[in-house]
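Residue numbers for the sequence shown follow the working numbering, beginning at 671 and rising by one. Using N, Cα and C, we set each Cβ at its ideal position, and we do this for glycine too. All values reported here derive from a predicted model rather than from experimental measurement.
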Amino acid sequence: MRTLTTTIIMLMMAITNIFAQDFEPGQVPFNFGESGPSVYLSADLCYFKQRQFMLGWHWGASKKITQSLLVRQHDAADYSDISIMVDTCDVIVKPQCYTHAVGNEILNARAMQYEPTLELDPNKPEKLVIREGDTTRPVFGFLHRRGFIPTNPQDANFNRLIINTDSMGVLTNQVILDNPWPQNALTMFGKSKLSDSANYTFDNHLCRTLYISINLRRLDASAGNQPVLKIELPYTRHNASGGLIQFDSIPVSSASATAIYNNRGRYRKLMVAPAYRNYIVITKNMIPANSEDITISGFFRCNNDSTYHNFFLQPQLPFGGNLEANKIDSLGIRITYLGNAPIAIDWVRIETPHARRVFWSEIK
């Protein structure tokens, strides 16, 4: 009887653990019409192989000129009429709402996700690093880290940085993650002088407002409200002094966590931050016990209100363009471990409100 009970408990724990860690989006198949096949992207299938040199249109062009010039590539949206297609052409399929970079389409989900377990070469961070057993294939990480990185792909925390002062050599009040690479990839796309009617686009899609989010779990069941992590976002400005990002909103510590749409985990809601707050503290009671994942975020504005918010990000520049004075050109992430609980960090992300909705599958 005791053996049977133990087996049932272990099975329940295994099921719970699998559910808690599987929040990555799955691949969407290609559907070839109502009666056609449904396939996933694969280099082994003929649909996705380039067989010859391709002469094609960027967009537009009629069927007649396509045939006359022996063009072999044609764009198509998922609503294109088959009558305009040429049989000898390979079709480049675009989403129904493809983009010119400023709309509500999925392709405009601007974000940078940094992987704490990716051990980049500080002297050549752009060098591709493939971690054996890691199927998520991250490319952005931190140049400074402290903690334990599991090596066994079967470990439930294989894709997490484990922080524990008892056994992992991490000291209380020590910086565990710093210097994310790259720090200068997010810019405020477009011109800041657009009319007020463009405010929604700027704030939701073009990086005038952003979240800093961290996904983590706690590895014990002890109670308490002690501080565990401190998050700061150092920035530099071109031809001006830098500083720390001031937060508009910080995570609520007292209320229960909230379920993310479509069963994508749990998160903590936000509240208005005290004036001039330039850090976030995550306490023990904000992280569920016993390895349940949660996403915790802070929200900030880069709207050039330097008193209560922050300076503009640099605009997106053409090759060879010059940086603009006084604007943020580098946005870092610094996370300090304050002790009081063993934790495991899955990922850290800077994201627009639009990207956040896409990651949470609210936009399809």
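Bounding residues of the alpha helix (DSSP H) (the contiguous stretch that carries residue i)
i: Thr871; result: 869-875
i: Arg1026; result: 1023-1029
Near the ligand ATP: residue i beta-carbon under 7 Å from a heavy atom
i: Asn1010; result: In the structure shown, the ligand ATP is absent, as is every other ligand, since no ligand is present at all.
Residue of the options minimising C-alpha distance to residue i
i: Ser924; options: Ile915, Val942, Asn955; result: Asn955
i: Thr857; options: Thr842, Ser753, Val845, Thr879; result: Thr879
i: Phe812; options: Ala826, Pro823, Gln783, Asp804; result: Gln783
i: Lys939; options: Val1018, Ala929, Asn701, Val922; result: Val922
i: Leu886; options: Ile1015, Thr953, His728; result: Ile1015
i: Leu841; options: Ala855, Arg815, Asn974; result: Arg815
i: Ile957; options: Lys734, Arg830, Tyr937, Cys716; result: Tyr937
i: Ile1005; options: Tyr905, Ala868, Val845; result: Val845
i: Asn874; options: Gly706, Cys972, Ile754; result: Cys972
i: Phe818; options: Ser1000, Pro795, Leu847, Asp760; result: Leu847
i: Tyr905; options: Leu790, Glu789, Leu983; result: Leu983
Rounded C-alpha distance that separates residue i from residue j
i: Val799; j: Ile833; result: 23 Å
i: Ser862; j: Pro985; result: For Ser862, the predicted model reports a pLDDT of 43, less than 50, meaning its position is unreliable and no value from the coordinates is stated.
i: Ser1031; j: Ser738; result: 44 Å
i: Asp692; j: Asp963; result: At Asp692, the pLDDT of 44 sits below 50, so the modelled position is not reliable; the number obtained from the coordinates is stated separately. Their backbone Cα atoms lie some 10 Å apart in a straight line.
i: Tyr870; j: Pro786; result: 32 Å
i: Pro792; j: Tyr1007; result: 22 Å
i: Ser708; j: Phe718; result: 13 Å
i: Lys997; j: Pro1023; result: 21 Å
i: Arg1019; j: Pro808; result: 12 Å
i: Gly912; j: Phe981; result: 10 Å
i: Val951; j: Leu777; result: 32 Å
i: Glu802; j: Ala826; result: 15 Å
i: Val1028; j: Ala779; result: 7 Å
i: Leu903; j: Gly1002; result: 5 Å
i: His1097; j: Arg888; result: What the structure shows of the chain is the stretch from 671 to 1034, and residue 1097 is not part of that stretch, so it cannot be assessed.
i: Phe700; j: Asp714; result: 15 Å
i: Ser753; j: Asn774; result: 29 Å
One or two residues paired with residue i in a DSSP bridge
i: Gly839; result: Its beta-bridge partners do not exist; DSSP assigns none.
i: Met858; result: Pro985
i: Phe970; result: Leu880
i: Glu789; result: Phe812
i: Ile832; result: Phe818, Ala1014
i: Gly726; result: Gln743
i: Arg1004; result: Glu902
Residue span of the beta strand (DSSP E) that contains residue i, given as start and end
i: Lys733; result: Counting along the chain, Lys733 falls outside any beta strand (DSSP E), though it belongs to the alpha helix (DSSP H) covering 733-738.
i: Gln844; result: 844-851
i: Lys900; result: 897-902
i: Ser911; result: 910-914
i: Val942; result: 940-942
i: Val951; result: 950-953
i: Asp999; result: 998-1001
i: Ile1037; result: In this structure the chain extends from 671 to 1034, so residue 1037 is not present and cannot be described.
Given 8 Å, three or more beta-carbon pairs between the region 930-947 and the region 839-854: no
Three CB pairs or more closer than 8 Å across the region 1010-1021 and the region 886-903: yes
The region 968-977 touching the region 906-919, judged by at least three CB pairs closer than 8 Å: yes
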